Amino acid sequence: MKLVHQTYWLTFFLLMAGITACVQSNKATSTDSINQVVEQPVAPAQRPEENRFVKTVLAEGLREPMELAITPAGNAFWIERKGYIFYFDASSNKPVKAGQVEAFYGNNDGLLGIALDPDFATNKFVYLYYSPAGTVAEQKLTRFTFDETAKKLTSEKVILTIPTQRQECCHSGGGLAFGPDRNLYIGTGDNVSPKEQDGYSPLDERPGRSAFDSQGTAGNSNDLRGKVLRIRIALDGTYTIPEGNLFPKGMPKTRPEIYVMGGRNPIRLSIDKKTGYLYFGDVGPDANAPSARGPEAFDEINVAKKAGNFGWPYFVGDNKAYPKYDFATGTIGAYFNPEKPVNKSPYNTGIQVLPPAQPAMIWYSGPVNPRFPSLGTGGRSAMAGPVFRFNPNSNSPYQFPAYYDNTLFIHDWMRDWVKAVKLDEQGNLKSIEDFMPNNGFSSPMDMEFGPDGTLYVLEYGDGWYSENADAKLVRITYIKGNRPPVVKMSASALTGRVPLEVAFSSKGTMDLEGDAVKYEWRFMNSDQVNATEANPIYTYEKPGIYRAKLTVTDTQGQKSEEEIEIIARNTQPEIAIELFGNSSFYWPNQKLKYKVFVKDAEDGSTQNKSINAAQVPVFLEYSTSGDNLSPFLTAQHKETTAGAELGNHPGKILMAQSDCKGCHAPDKKSIGPSYQEIALRYKSDATALDRLAAKIIKGGGGVWNRNFVMVSHPGLSVQAASEMVKYIFTFAEQKAAPLPLAPEGFLSFKLPATNNTAGIFRLMATYTDRSGAEVKPLSATAWHVWRSPRVQAEDHTLIKKLKVIGRLEDGDKRYLGETASGANVLFKDLDLTGVGKVSLRYAGVLPGSTAEVRLDSPTGEIIGSTALPETGNMEKWQLAVCNIKPTTGKKNIYLVLQNPQHVKNIVNLDWLEFSLARNQ
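Quick note, the sequence shown lines up with residues -17 to -1, 1 to 903 if you use mature numbering (1 follows the signal peptide of the UniProt record, and there is no 0).
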């Protein structure tokens, strides 16, 4: 589930998939040609193969990247919200910091937009749109000059200021784009709070509520917010008004800079260089369903072929109308008329009768829109990318193909997709196609075609307001003929003492055309080629950190590279845990002997005491869900498991399939509260489970903060939502500090006060070596997990002649049924050391049924068996106990269910529970 944080841009645009509700009858009218547009399917065979597009990372680890701009030479600028400007020089293949503005970055504000002058090649002008720090609330459009030698921005010139308010969030817009006629387009947000509107339109006309009334901004002809502005900038930094804007210069109560009004948050926009048409995405409100207050929420992709009004805050989507609403009395009035919207708000300083509203070209909400099914479901944040125009005279080998000529690329920040919108000659929608659906985009924030016809994409990354490892600038090239080889490389050792002999392998390397390839290996951090065979062996004689690189070239000169790090001198420590008892299950208060061994080629070992106990941290910890255990201390770790399928909590799996991670984290605040915060808040509330499950389905807000709204998930069943809540509640356990232990001794499995036997215990040991100055220290971790002795039947490894009854959301109510005689259930790698019996919870109505416990195969050695008498009906459960003979070590355990008198439906099986022999 996702929360919608109404104090930040983007976040309250999240909706989960569900059943499309019937829209209430209203007086809205829509342009018939737009209403009749239905997305047309395109045969996949017509599209270029996805593997012809190559995605190359130019810079990564960015901090809230917002917008990019590509120079005529193919270099790239990008900006980050806290005020930083970066420049990627393609000749050096390195990014540098080109400047910084002092930006206010609360609310949605910050450094939001960048564009390059059409004559950048000669004048080096760079335009920025940002929120200046200080006590004056405003947005600024300024111009800098780029010093190409120093790679720095200089000489700021203020061109335009837009007064704003900063008492309430949100919607700052910020997209900048030049048209073919040198006009600059500026997207501005309505600067109005989405709070306290219940997800509908902000029309609050009460005194002191100007920050809650978009009629004073987006619907105001005399205000520059909630607009797309269009101006022409002179050499001296002043600007003029081009012909064709929405209001003529000198018209009372209007601003001539306005090209488009009625925008909520037009974050990203682009101009078709051929037609001059403006395309912009507008992120919509967050109403989960239509009601008397108005329609459900929609995001929009709009096309403006001329100046116009796009409806907000009176209309959304294909001109679905909102009614007049009195926030003081709760009275709902008449619906606004898209042919003649009238703005009578006391906060309106402009004209009252507004231009007719134009419907969106594309509009979509949380559930699937039948007109645009390929846009999918879930959270949404619509953005318009560039229109591609194929250049037949280009000599670029990587230009996108002519197939995408006259195609608008759109992207959704929340849904992580990029779509290719095919346009007709009038700039209208023909079809929508997936673009690179198998390559993955991480919150695509902006995209722009370079002069060579390649596509640059700025990816914000998954985390909110943070430096994300997956935040990056990428370049996508098209290989129209011979494709470069696919390179894979591996090494027999990544670390070791000198002389270090490493066997390198190119296994998995392939050429998509089947060409012969040439190998070039460079082992010594230099351009010198050290080997040319496919799988060379190389010996490192001197200590150091090396980047081993493999370059593979095909017969036509296409090449690809991969590299890995080799550390010579230091050997990776070896660490192991030896157990003297059962390695799969824990039993309350059972004692189990263990011993941790560490061996390091340079440091010695724990056995000869050259490594002492204080250098080997060892600890034991318990977790109900396994999700709040301590993080691994090292990247190198050796796992030994409890065997079989540990069985993720059904709620955890359901949440992974939903959109929860976009706004929540397990143990830290994101846009919404952490799972742990939620669990602790409702820990003692016996009624919380049902209420929260209902809230996940219906949506809601106001509990944590009035700035938060959780969107609805109407596609979830009550059971599914309940399992999600149950999983969240596992985070309420008061996690004790891990119990520190010596490297050798006895474990005691002490359960928490809740006596929850469904969790896991983990023993973990770590060692970091004593490296010399030449190389970094290396660490290794070993860990072992014990599971509950009760194993749900649905957590099997493999089943034959029976199946799981129930859905994932049914949780532990699921069982195995429709059982034929001879059915078998595999539980892989279970250790039965010390186990004396296994109890089966089953139900059955047929006489003659038996259960056998066999080793390694359904026909393997029988180590125990028991009769399964009739229970009365197939849902009346009882226990059968099967004594088993002593068995040691991990085995594949098969439970075989037989009935010589009957063929099918012999028993249902719920769970198995393993118990220690009496002498243990």
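Just so you know, even glycine gets a beta-carbon here, dropped at the ideal spot from N, CA and C.
Just so we're clear, the structure is a prediction, and the values are computed from it rather than from any experiment.
message: Out of K463, N203, M493, which one is the CA nearest neighbour of K471?
response: M493
message: Could you check whether T554 and R480 sit closer than 8 Å to each other, using their CB atoms as the reference points?
response: yes
- prompt: Which stretch, first to last residue, makes up the alpha helix (DSSP H) that contains Y658?
  reply: 658 to 664
Cβ neighbours of Q541 in the same chain (closer than 6 Å, five flanking residues each side left out): N465, P467
message: Contact between the stretch 241 to 251 and the stretch 350 to 358 is defined here as three or more beta-carbon pairs at a separation below 8 Å; is this criterion met?
response: no
message: Less than 7 Å between C-beta atoms, sequence neighbours within five positions excluded: which residues of the same chain meet that for N58?
response: Y70, F71, D72, A73
task: Using only alpha-carbon positions, find the residue among W766, K820, S804 that is nearest to A772.
output: In the sequence as displayed, the identity of residue 772 is Pro instead of Ala. Nearest of W766, K820, S804 to P772, Cα basis: K820.
query: Would the C-beta of R824 count as close to the ligand GTP, meaning under 7 Å from any of its heavy atoms?
result: Among the ligands in the structure shown, none appear at all, so the ligand GTP cannot be discussed.
Backbone secondary structure at R901 - three-state DSSP: coil
query: In terms of alpha-carbon separation, which member of R372, F744, Q881 lies closest to K257?
result: R372
task: Kindly indicate the opening and closing residues of the beta strand (DSSP E) around N106.
output: Here N106 belongs to no beta strand (DSSP E); instead the alpha helix (DSSP H) covers 103 to 106.
query: Can you check whether the CB of L167 is closer than 8 Å to the CB of I97?
result: no
query: Start and end of the beta strand (DSSP E) containing D130?
result: 121 to 130
- request: Throw me the rounded Cβ distance for the L862 and S822 pair, which I believe falls under 8 Å.
  value: 5 Å
query: For D407, is the classification buried or exposed, using 16 other Cβ atoms within 10 angstroms of its Cβ as the cut-off for buried?
result: exposed
- prompt: If I250 sits next to M419, beta carbons under 8 Å apart, how far is it from one beta carbon to the other, in whole angstroms?
  reply: Contact flag wrong, Cβ pair sits at about 22 Å.
message: Alpha carbons only, please: which of P830, E442, T534 is nearest the one belonging to V40?
response: E442
- prompt: Mind checking S509: buried by the 16 CB within 10 Å criterion, or exposed?
  reply: exposed
query: CB W346 to CB D301, shorter than 8 Å?
result: yes
field: Separation of P760 from E524, as counted between CA atoms
entry: 19 Å
query: What is the rounded straight-line gap between the Cα of Y569 and the Cα of F732?
result: 7 Å
Host alpha helix (DSSP H) of D673 (start-end): 671 to 681
message: Helix, strand or coil, according to DSSP, for A474 in the structure here?
response: strand
message: Quick check: what's the CA-CA separation for Y750 versus W894?
response: 39 Å
field: L791, DSSP secondary structure in three states
entry: helix
task: Would you kindly work out how many angstroms separate the C-alpha atoms of P235 and I169, rounded to a whole number?
output: 22 Å
- request: Would you kindly report the start and end of the unbroken beta strand (DSSP E) that includes W860?
  value: Taken as a continuous stretch (DSSP letters only), W860 belongs to no beta strand (DSSP E), as it is neither H nor E.
task: Let me know the secondary structure DSSP gives K358 once reduced to three states.
output: According to the sequence displayed, residue 358 carries Leu and not Lys. Here L358 sits in helix by DSSP.
query: Closest to S377 by CA distance: which of Q409, Y183, G436, S566 is it?
result: G436
query: Any chance the stretch 327 to 337 sits against the stretch 263 to 278, with 3 or more Cβ pairs inside 8 Å?
result: no
query: Under a Cβ-count criterion, where at least 16 other Cβ atoms within 10 Å of its own Cβ denotes burial, should D164 be classed as buried or exposed?
result: exposed
message: Taking the alpha carbon of T722 as the reference point, which residue from L815, I680, Y605 has its own alpha carbon closest?
response: Going by the sequence as given, residue 722 is Leu instead of Thr. Among L815, I680, Y605, the Cα nearest to that of L722 belongs to Y605.
task: Could you check which residue in M507, S832, R753, E546 has the C-alpha nearest to that of V599?
output: R753
Same chain only: Cβ atoms within 6 Å of V351, ignoring 5 sequence neighbours per side: T360
query: Is DSSP giving H885 helix, strand or coil here?
result: coil
message: Does I284 pass the burial test, meaning 16 or more other C-beta atoms within 10 Å, or should it be called exposed?
response: buried
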